Structures are given as structure tokens and as C-alpha cells.
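Plus 4 on top of the position in the sequence shown (first one is 1) and you've got the numbering used here. Glycine included, C-beta positions come from ideal geometry on N, C-alpha and C. The structure presented is a predicted model; accordingly, all values stated were derived computationally and were not measured.
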Amino acid sequence: MSNMLKEALNKVFGKKKERFFEPSGYKIGVTTGIPSFDRATVVQQTQMVVSKGTKVIQVDLEYPQSPTPHDIEEIKRIIKAQGLELTIHAATNVTLPTTSAEKIDYELVDKDMKDYVKLCKKVGFKAINVHSSYLPSPFLMREYRRLSWNMVDENGDPIGEKLAKSEKALEWFVNDRMEKISFETKLVILRNYLSKKEKIYGEELDKKLRSLSEREMEKLMKESIKDYYRENPPTNLYEFEAYMIMAWWMYERGDELWRNIAGGKPPDKCEEKKLVDAVAGKYLQGHIKKLLKDLEDAKVILLIENPDCRRKEFRGYHRLEKPIDIFYVVKSIDHPLVRMTIDFEHVATHGLNVEEEIKKMPQGSGEYVKMLHVGSYPSPAHLHHPVERDDVYLYRLMWHLRERGFKEGYIIFEWGGGRKEEERWLESVNALKWMAMWLERDVAPDDLPPEFFG
């Protein structure tokens, strides 16, 4: 080793006696890969990465039931024998519709999330990572697939209950329905309304109706339909209607997520994408709040990750895909066992500028980040490129988060990209340890010395 290199190491990492060859605050880890892709069991995938030189392994699972009883016992043995810290990536095949307003979807998410927590407690996994969403906008689905079904609110209760209690939501809903209800149906509803309200019937009721001007008739019809839906909240709705009802409900009550994500504007004045993200965040928040006691009992951290653009035809229409919006959801829950994961490549798959999206994160937001999913050169092609030691761009992205408070947590290399096994890793683990140690010395990207580049 040259004297120059020795001096550089001593200067940055301390004298040899004091020097560390592992980062202290950041834990470098790797993923097992998705078992079904390799036609392997969960424990086979886990055993494959045990010797990669990390203290953390993220076990990729497609379902809570993916590990067999044999897998579970073997993984518990690995944790004990190797002294490793294991986490899981839940629903890697994207099967958790966390932002859906549809009743069956909602109940499925609640059940699977509880099952994942039970699995963590049983095996000893330290954290659960799950995507914030994978669905496209319900307004897009309105044209793509017109599905009317039982819709619920963020708590899993019938959405009609919120409609009946929200004057502004009811106003929007009735205005939307007025054009779709036939005049004959409106007239029947109006006759029933007047009979109940004014206690008039038969000829007297007919006389009252004949005396109304067109404008008066329209106004009374609208009031009668409002009254009808207050007493008979609708059960079958399109999902975009459920989202609009939720949006008006959140707006009326000055909801924190509505203020932070949608800017506090009325839904009819709000950008559609922001409306969708705010309401999607509310549904995600609802699921998580119901899970808090389970997380506390299992001593497991729940991590919410920004999703990839899995279906490219829906690019620009996905729900809750930006890190800053996920941060607002996590912050609103305000619980130490709920944090977020940022996947730089997932940001890129949506055609977004990764560095700009990270720089939008407010000061202090890094304290809510517990995990990073990384690879070199984040790409819209979702390459999972092995980490290169001199990747200043990746270092810069992590530096932006460190500036915002990300001082400790997991940094996970997600391998993949269809490469041969010997090409999946290269020097990724050592490269990440190297970068993490420079981060911990608070060396800004523009101040990195030649030694950083090897």
C-alpha cells in the first residue's frame, strides 16, 4: 500500500487502530431474489446469498404463505447460526392493492398484512417492506374498465356512510347523477320527497307540481335526490366515485394528507393526479393504522416503498409513486415502527428525474427513511445494475438523503436484470460499504478525493 493511500485512509477513516472497515450507522444488505423466478424455495434463495459478506438479507416473498414449514425452521437456524438480520419484501409479485377502494381488495390487504406480521414474529424478521401501491388512477380505470362494486372508505366501512355525512361530497355526487337519472325517476323521487316533507298527496300533490317553474322543479328534484341518498346511501359505485367522495370528505375536514399532497384546494379545482395521490395515501394510512398494535406486539418495522412502473402503458397514471408523497403518509401516522423505503430505480421507471425527486424531499424527511434499494445507474429499464465503486451519481443520491436526516438504516442491493449468476453481484457489496463509510464521514460528492474512485 502506497504512503499516499495510507495517509488518505488515516485522514478519512482514522489511524489503523481506530479504523473501521464497515460503516457504523448504515447496514449493507442484499436481496434473495424472487423464488418463483429461479424455481427455488425460499430457503434455497436465502442460502444462496448468506455468504455475500453482509449483515442483512432481504428475503423476497410473493405471499405470506410462501415459506414452507421447512423454510421457516431453516431460516430461523440461519439467523441464529450466522448472526444475520433478516427482513422481508412482501408481495414482490405485486399482489397488495393497498390503495383500492373496492371492498374485496381492501379486506385482502388487511388479511395479508396481518399474516406477514405474524410470519415476522414467528421467524424473527425485523422489518416488512411493501409497495405503497401498484394500481393506476381510478379515473383512468373509469375508461379502461368500468367496474361498479361495493366500495369502502379508508377504514373499510361502506363509502355511502361518508357520502351521507358530507354535504360537499353529496353535492358533487348528486350533480354527477342528475344527468344520468331519467326524468321519470326524478319525478318519482320528488313526489315521495314532497309527500314526506309537506304531507301532501294525490290531487294536492299534482297541483303543487304543476305550479312549479322549471327552475323550481330542478331545484326541488336536486334536493329530493340528496335526501334520497342521505337515507339510502349507495352501495355499488365506480371506484372513481369513491375517490371523489373521499376527496370531498378530506377537503371538508382539512385533512393533513389533503393539505400536504393536494395543496388544500377543493377537489373540483385540484389537479387530478394530486387528488388521486392524496386519497390513495388516505387508504394506505387506514390500512397501516389498523396494523399498529400487531407491529408493536411483533416488534417489527413496516416500510413503505415507492413502487415501480410495472405496467408501462399506465406510466403517469400510477397512484402514490413519488417518495415525497409517501413521506407525507408515513409522517401523518407518526409511529416509530412505520418508516419508508426509497428505491431510486423505481423512481426512474416512471420517467421521473431521480435526483430532482429526492431533492424535493423536505429537511428532516430523511429521518423517516429506514431503507434504500440501490443499484448503479437507476434506469427506466429497471436493470438492477451491480453497484460500481466509483458511481458518484448513486453516492450523490444517498448524500441528498443524508443531508435530510438519513443517518442510519439499511442500504440494500437488489440484484436482478436477467444476468447470469456470476454477473449479478460483481463488487456491489464492497462498493456499498465503501460509499457508506464516506457518507458517514460527511464527505460531500464534490469533495470526494481520488481515493474514493479506487
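So, with DSSP's three-state summary, where would you put residue i?
i	result
Leu-376	strand
Arg-428	coil
Met-155	strand
Tyr-414	strand
Glu-455	helix
Ala-440	helix
Lys-223	helix
Thr-35	strand
Leu-324	coil
Arg-214	helix
Arg-445	coil
Asn-133	strand
Ile-346	strand
Arg-23	Low confidence applies here, because Arg-23 scores a pLDDT of 49, under 50, leaving its location unreliable; read the following figure in that light. The answer is coil: DSSP assigns Arg-23 none of H, G, I, E or B.
Ile-92	strand
Tyr-205	coil
Tyr-30	strand
Glu-147	Confidence at Glu-147 is low in this model, with a pLDDT of 47, below 50, so the placement of that residue is unreliable and no value is reported for it.
Asp-450	helix
Val-63	strand
Glu-106	strand
Pro-73	helix
Pro-140	strand
Buried or exposed for residue i, going by 16 or more other Cβ atoms inside 10 Å?
i	result
Met-344	buried
Glu-147	Because the pLDDT at Glu-147 is just 47, under 50, the model does not fix this residue reliably, and the value given afterwards should be weighed accordingly. The residue in question, Glu-147, is exposed, as its Cβ has fewer than 16 Cβ neighbours within 10 Å.
Ala-385	exposed
Gln-289	buried
Arg-445	exposed
Val-134	buried
Ala-85	exposed
Asp-161	exposed
His-74	exposed
Thr-96	buried
Arg-219	exposed
Pro-142	buried
Asp-450	exposed
Take residue i as the anchor and find which of the options has the nearest alpha-carbon.
i	options	result
Asp-298	Lys-115, Leu-194, Ala-105	Lys-115
Gly-37	Tyr-30, Ser-28, Ile-61, Ser-55	Ile-61
Thr-99	Leu-307, Arg-81, Ser-137	Ser-137
Trp-419	Arg-408, Trp-438, His-388	His-388
Ile-79	Val-53, Thr-102, Trp-253, Gly-57	Val-53
Leu-144	Glu-317, Lys-437, Pro-453	Glu-317
Asn-434	Gly-458, Ser-383, Asp-301, Leu-452	Gly-458
Lys-125	Lys-303, Lys-230, Phe-410, Gly-320	Lys-303
Thr-103	Leu-279, Met-402, Val-127, Lys-184	Leu-279
Ala-168	Ile-229, Met-365, Ser-228, Glu-235	Glu-235
Lys-56	Trp-438, Phe-417, Ala-448	Phe-417
Gly-355	Val-334, Tyr-321, Met-365, Lys-335	Tyr-321
Val-334	Cys-313, Ser-383, Ala-284	Ala-284
State yes or no: is the C-beta of residue i within less than 8 Å of the C-beta of residue j?
i	j	result
Met-117	His-291	yes
Phe-331	Val-378	no
Val-178	Lys-223	no
Ile-415	Ile-132	no
Tyr-110	Ala-94	no
Ile-362	Pro-327	yes
Lys-59	Leu-90	no
Tyr-247	Ala-440	no
Lys-374	Tyr-255	no
Ser-432	Val-391	yes
Lys-293	Ile-265	no
Ile-193	Tyr-242	no
Val-127	Ile-82	no
Lys-411	Gly-164	no
Gly-368	Arg-406	no
Within the stretch 235-320, ranges of the beta strand (DSSP E) (whole runs, at least 3 residues)
240-242, 305-309
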